[in-house]
Each structure stands twice: as C-alpha cells, then as structure tokens.
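Chains as they are written, first to last, in the working numbering: chain F, 417 to 794; chain H, 692 to 773. We treat Cβ as the ideally placed atom computed from N, Cα and C, and that holds for glycine. No experiment lies behind these values; they were computed from the predicted model shown. The block underneath contains the structure these notes are about, expressed in structure tokens.
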C-alpha cells in the first residue's frame, strides 16, 4: 500500500458525505446503498464513522460528471478512466468524481458502482495506489470480482490503519496490542514548554523542526505548523537527527546523524548518500555534529560540535584553515553547546534545550531569548 | 496515397502510451520526441516503472500484455508522484 506524499489524513474520526447528483444509470436508492456499502467497508476496520448530509459542504462530496467537469482532470468518455478522487483536505480535497459516460450497475454486468466507489473512497481517506494486485487500491478495475464475497485485502487494511489505527475495542473485537512501540517515538506535544529539537533547517522558504521520528513544517503563510513523520516525506532518512542545514544555492538540505550525512532536494533523497562527515574535512576526533547553518550571502557553512565550531567554504568545497574555534569566541552568549540553529530575517536562531537565542551575526550579540517552540503560535 | 493502416494504428497506440505514462507515471509532458523513438532511455524507464507497478514482467518493451493493461478500465488517480 502507499499513502499520498505527506500522508494527508482527516484529523477527525467522524466525516460527512454528500451525493451531489445521481447517475441516470441506476435508481437513486441503488446509488445511495452502493456508496453506503463502500463507506462501511472502511468503517469496519478504522475508528472512522460517516454520516450523510443533503446540502452544503460535506467532507466528501460525491458527484457524477462527464468530460471536463471543473477540476482540470477531464473524464475521457466510455472506458479507460472510470473515476478519480482527491486526498483528505478542504474544498475539492476528499471529493470523489465518477465518469457518467460509464454504464454504472449494481452487478458486474457493466461497471460496478460499489467496487469503484470503495476504491475512490480509499483515496478520499488518504490511500494512494497499491502495487498489490489483490488489493482494492490496485489501480485497475477488476470486473471479475466476486461481489458477494468481497472483502478488503490485508494490504488495504494495513494501509488505512497506518493512517487511522484499528477500530475502537468492542466486546466482539477486542483490540490485540501490537508489538511494543520503540521508545523515542512518542508524539511530542507542539506547545510543551519543555520541547527541544534535534535539528532545525529552512527548506525553500519554510522551516523544518526535527524531533525524534517527526518534524514540524512551518510556513510563513500559516500560523499553525504541520506535523509529519519524517518517513512520510523521506522514507530512507533516519530519525533522531543531530543537525540539518539548507545550502540555498544548491537547493539542497543536508541532514546529519552520527558520522554520516544525507542530502535531500524537495522530497527526494539524493543518490550517493549517506556519506561520512569526515569527507567534509572534520578531524577524526569529531564523532557527530550538534548543529549546522549555511550562510547564503557569505557562502560559508558553520558546523557546531561540542563547545567549538568549524567553517566550511562552499565555493572551495573545503573546510577553512584555523578551525575549529571556540563558539564563545565568535558567538558570545551562545556557548557552551547548541542543539540546532537556523537563519531567518538576518538573525541566527540557536536552540539549546527548551530555550532559543536570537543572535545578530553582525553585532555579534544575543538580542532575544525565546522558548524553543516560539514559532508554533502556542 | 492513403496512409498504411498499420502505421496509423501504431500512431494511436503511441499516443496512448504517451498519455498513459504522462497521466500515471510522471512522464514529463515535453517527452513527446522520446515516445516516438520507443527505445529511448526515459520512455523505457517509465515503461519498466509501469510494468513493475502493475505486476507485469519488466521488459521495458511495449509487448501485448503491457498494451493490454493500458487499455483496461482504471482509476484516474496517478500511480506515482504527488
């Protein structure tokens, strides 16, 4: 199974749906029951519940249309594309559209509406296509499915439960505990006053705050940060990072953990990584990096290790002579150690535990002391 | 002279291949000249990606099984990419 990039999912368990219009191929109550049955198969394996509304904006708007129907993804007449749907979200997101040039049926004579609806509603709930040919979320329509015996494949159940978990315990299906979750993977609370970060970096104008297996994604456009699993964007990256920094001129963010570092460009992990940090010119005594920041004006990248810092010349692609130097020497007030650092509005924001220091690199002094999660609109 | 029927058929199937790889497998829309030359790098890679995704034998070639798959009814959401 797979989910949409960024693993969008509904933040609530009770969802509304509305059947905006009806195909002339079937009686209205046949359409109603096909959609109801399609929702029910997802209801049975998740905590989700659905209720139908008859007017206004529902979470999942279901409609029948032909050719161009207002979403820049026109249908193509009979055959080929039967329907499409959008991942969870506001507006058109979460909606499901059915191609009314198909012959929709209650059985398998034409195109079975229940079967296609069950697949599209999988998209509306956040599932992407599966390579498992037995799965409902396999992209091709299987007209030979035995409708009477239909049930979700394990692949579908694993997929939807990776987003919403299993259904709540009930006497007839007590939840069996899954294997214990490794420590360090608890979901950190965004506004916890003791919150600290493993690493912080900019990425194409946004700021990423890494912690354990997750990261907050903060855009200047929205007051609230988004919260994601690192693996939902970069499956091959490790958790519990040490440092991260963006080299804007190369549209690349470098991420460090232990004696290795990775490179990402958007949501792509670049080939040829991880590499050893000593290829950057650190002395063998350096075992890990605490924090990193790249100054795009000066084309220099600063690496903070214990109470010292190194400077890397991006033009020459080499560590500068005369380093390491004491952090206190050039960043007074920031020593002795830092967890993370990033640059915004001409200031360096250093993180240490639950505190954050705003440092003016030109005046070489700390100008503000903040909480680490001051960017989260707490 | 009227176009040779087989030639015309080949043309429409290439259009189908182009559209299919664009719609579902992120083939860049400006790859038209590549599709014309069936054995070009980007297209072969995309065909292999599609064959792997759909559970076909990965040959990189537009064999009958692959062409058959592309004619089957399906969901309009892409198989790869965002």
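Task: Own chain partners of residue 521 of chain F with C-beta closer than 8 Å, once the 5 adjacent residues on each side are dropped - done: The count along the first chain starts at 1 and reaches residue 521 of chain F at position 105. The residues are 441, 442, 527, 528 and 529.
TODO: State the start and end residues of the unbroken alpha helix (DSSP H) segment that holds residue 734 of chain H.
DONE: The residue given as residue 734 of chain H occupies position 43 in the second chain. That run of the alpha helix (DSSP H) goes 732-745.
Open item on the list: Let me see if you follow: with CB-CB separation under 7 Å, is residue 733 of chain H close to chain F or not?
Closed with: Taking the first residue of the second chain as 1, we reach residue 733 of chain H at position 42. Taking 7 Å as the threshold, the shortest C-beta distance from residue 733 of chain H to chain F does not fall below it.
- [ ] For residue 780 of chain F, collect the residues of the same chain with a Cβ closer than 8 Å to its Cβ; drop the 5 residues on either side in sequence, then sort them by chain order.
- [x] Walking along the first chain from the start, residue 780 of chain F turns up at place 364. Same-chain partners within the cutoff: 746, 747 and 748.
Open item on the list: Within 10 Å of its beta-carbon, does residue 435 of chain F have 16 or more other beta-carbons around it, so buried, or fewer, so exposed?
Closed with: Within the first chain, the letter at position 19 stands for residue 435 of chain F. Around the beta carbon of residue 435 of chain F, 16 or more other beta carbons lie within 10 angstroms, which makes this residue buried.
Task: Cβ neighbour criterion (16 or more within 10 Å) applied to residue 662 of chain F - done: As a first step, residue 662 of chain F is located in the first chain; it is residue number 246 there, counting from the start. By the 10 Å Cβ count, residue 662 of chain F comes out buried.
Open item on the list: Can you find the residues in the same chain that come closer than 6 Å, C-beta to C-beta, to residue 429 of chain F, ignoring five residues on each side of it along the sequence?
Closed with: Taking the first chain and counting its residues from 1, one reaches residue 429 of chain F at position 13. Excluding positions up to five away in sequence, the list reads 463 and 464.
TODO: Have a look at F:650, F:577 and F:620 and flag the residue whose alpha-carbon is nearest the alpha-carbon of residue 867 of chain F.
DONE: No answer is possible for residue 867 of chain F: the residues shown for chain F start at 417 and end at 794.
Open item on the list: One question on the structure: do residue 634 of chain F and residue 664 of chain F come within less than 7 Å of each other, judged by their Cβ atoms?
Closed with: What you label residue 634 of chain F is simply residue 218 of the first chain in a count that begins at 1. What you label residue 664 of chain F is simply residue 248 of the first chain in a count that begins at 1. No, the pair does not count as a contact, with Cβ atoms beyond the cut-off.
Task: Other residues of its chain near residue 727 of chain F: CB distance less than 6 Å, five sequence neighbours each side excluded - done: Translated into the one-based positions of the first chain, residue 727 of chain F becomes position 311. Closer than 6 Å at Cβ, skipping near neighbours: 716, 718, 736 and 739.
TODO: Starting from the C-beta of residue 545 of chain F, find all residues in its chain whose C-beta is less than 8 Å away, skip the five residues before and the five after it, and write them out in chain order.
DONE: Walking along the first chain from the start, residue 545 of chain F turns up at place 129. Closer than 8 Å at the Cβ level, and outside the excluded window around residue 545 of chain F, lie 418, 553, 554 and 555.
Open item on the list: Tell me the rounded alpha-carbon separation between residue 477 of chain F and residue 509 of chain F.
Closed with: Here the question's residue 477 of chain F lines up with position 61 in the first chain. Here the question's residue 509 of chain F lines up with position 93 in the first chain. Distance between the alpha carbons of residue 477 of chain F and residue 509 of chain F: 9 Å.
Open item on the list: So, with DSSP's three-state summary, where would you put residue 426 of chain F?
Closed with: Numbered from 1 along the first chain, position 10 holds the residue referred to as residue 426 of chain F. In this structure, residue 426 of chain F counts as coil in the three-state DSSP scheme.
- [ ] Could you pull the start and end residues of the alpha helix (DSSP H) that residue 796 of chain F belongs to?
- [x] Nothing about residue 796 of chain F can be reported from this structure: the residues present for chain F run from 417 to 794 only.
Task: At least 3 beta-carbon pairs within less than 8 Å: the segment 497-506 of chain F vs the segment 757-767 of chain H - done: Contact holds: three or more Cβ-Cβ distances are below 8 Å.
TODO: Sort out for me which residues DSSP pairs residue 692 of chain F with in a bridge.
DONE: For this step, residue 692 of chain F is matched to residue 276 along the first chain. Note: residue 692 of chain F sits in a beta bridge opposite F:676.
- [ ] Can you tell me which of the three DSSP states residue 612 of chain F falls into?
- [x] Locating residue 612 of chain F in the first chain gives position 196, counting from the first residue. The answer is coil: DSSP assigns residue 612 of chain F none of H, G, I, E or B.
Open item on the list: Considering only their Cβ atoms, is the gap separating residue 687 of chain F from residue 370 of chain F smaller than 7 Å?
Closed with: It is not possible to answer for residue 370 of chain F, since the shown part of chain F is limited to 417 through 794.
Task: Residue from F:469, F:439, F:506 and F:471 with nearest C-alpha to residue 425 of chain F - done: Walking along the first chain from the start, residue 425 of chain F turns up at place 9. When each option's Cα is compared against that of residue 425 of chain F, the closest is F:506.
- [ ] Could you tell me if residue 692 of chain H is buried or exposed, where buried requires 16 or more neighbouring beta carbons within 10 angstroms of its beta carbon?
- [x] For the purposes of this step, residue 692 of chain H is taken as the residue at position 1 of the second chain. In this prediction, residue 692 of chain H has a pLDDT of 45, which is less than 50 and means its spatial position is unreliable; nothing more can be read from the coordinates.
TODO: Mind checking the segment 557-572 of chain F against chain H and listing, in chain order, the residues whose C-beta falls within less than 7 Å of any C-beta there?
DONE: The segment 557-572 of chain F vs chain H, Cβ under 7 Å: 557.
TODO: Could you name the residues that DSSP lists as bridge partners for residue 775 of chain F?
DONE: What you label residue 775 of chain F is simply residue 359 of the first chain in a count that begins at 1. Per DSSP, F:764 and F:782.
Task: Sub-7 Å separation of residue 752 of chain F and residue 723 of chain F beta-carbons - done: Locating residue 752 of chain F in the first chain gives position 336, where the first residue counts as 1. Locating residue 723 of chain F in the first chain gives position 307, where the first residue counts as 1. Using a Cβ distance threshold of 7 Å, residue 752 of chain F and residue 723 of chain F count as a contacting pair.
Open item on the list: For chain H, check one thing: does any of its Cβ atoms lie closer than 7 Å to the Cβ of residue 600 of chain F?
Closed with: In the first chain, counting from the first residue as 1, residue 600 of chain F sits at position 184. Caution is warranted here: a pLDDT of 45 is assigned to residue 600 of chain F, below 50, making its placement in the model unreliable, and no coordinate value can be reported.
TODO: Return yes when the Cβ of residue 652 of chain F is within less than 7 Å of the Cβ of residue 629 of chain F, no when it is not.
DONE: Along the first chain, one-based indexing puts residue 629 of chain F at 213. Along the first chain, one-based indexing puts residue 652 of chain F at 236. By the CB criterion at 7 Å, residue 629 of chain F and residue 652 of chain F fall outside the cutoff.
Open item on the list: So, under 8 Å CB-CB, residue 423 of chain F and residue 563 of chain F are touching, yes? Tell me the CB distance rounded to an integer number of Å.
Closed with: Position 7 of the first chain holds residue 423 of chain F. Position 147 of the first chain holds residue 563 of chain F. Taking a contact as a CB-CB distance under 8 Å, the pair residue 423 of chain F and residue 563 of chain F does not count as one, their CB atoms being some 31 Å apart.
TODO: Please name the residue in F:474, F:783 and F:524 whose C-alpha comes closest to that of residue 512 of chain F.
DONE: In the first chain, counting from the first residue as 1, residue 512 of chain F sits at position 96. Closest in alpha carbon position to residue 512 of chain F, among F:474, F:783 and F:524, is F:474.
- [ ] Could you spell out where the beta strand (DSSP E) holding residue 630 of chain F opens and where it closes?
- [x] Residue numbering aside, residue 630 of chain F sits at position 214 when the first chain is read from its first letter. Residue range 630-634 is occupied by the beta strand (DSSP E) that includes residue 630 of chain F.
Open item on the list: Which same chain residues end up closer than 6 Å to residue 453 of chain F when comparing Cβ atoms and leaving out the 5 residues on each side of it in sequence?
Closed with: As a position in the first chain, residue 453 of chain F is number 37, starting the count at 1. Around residue 453 of chain F: 530.
Task: Any non-hydrogen atom of the ligand MG within 6 Å of residue 738 of chain H CB - done: By its list of ligands, the structure shown contains no ligand whatsoever, and the ligand MG lies outside what it can speak to.
Open item on the list: By the DSSP assignment, the beta strand (DSSP E) with residue 476 of chain F in it spans what residues?
Closed with: Your numbering for residue 476 of chain F matches position 60 in the first chain. That run of the beta strand (DSSP E) goes 476-481.
- [ ] Kindly indicate which three-state DSSP category residue 521 of chain F falls into: helix, strand or coil?
- [x] Translated into positions along the first chain, residue 521 of chain F becomes position 105. Strand, per DSSP.
- [ ] Select from F:639, F:636, F:624 and F:638 the residue whose C-alpha is nearest the C-alpha of residue 645 of chain F.
- [x] Position 229 of the first chain, counted from the start, is the residue given in the question as residue 645 of chain F. When F:639, F:636, F:624 and F:638 are compared, the shortest CA-CA separation from residue 645 of chain F is found for F:624.
Task: Nearest candidate by alpha-carbon position, reference residue 639 of chain F, set F:793, F:778 and F:650 - done: Translated into the one-based positions of the first chain, residue 639 of chain F becomes position 223. With distances taken between Cα atoms, residue 639 of chain F lies closest to F:793.
TODO: Please state whether DSSP places residue 593 of chain F in a helix, a strand or coil.
DONE: Locating residue 593 of chain F in the first chain gives position 177, where the first residue counts as 1. With a pLDDT of 42 at residue 593 of chain F, under the threshold of 50, the modelled position of that residue is not reliable, and the figure given next carries that caveat. Here residue 593 of chain F carries a coil assignment [DSSP, helix/strand/coil].
Task: Straight-line Cα distance separating residue 703 of chain H from residue 493 of chain F - done: Residue 493 of chain F sits at position 77 when you count from the first residue of the first chain. Residue 703 of chain H sits at position 12 when you count from the first residue of the second chain. For residue 493 of chain F and residue 703 of chain H, the distance between alpha carbons rounds to 17 Å.
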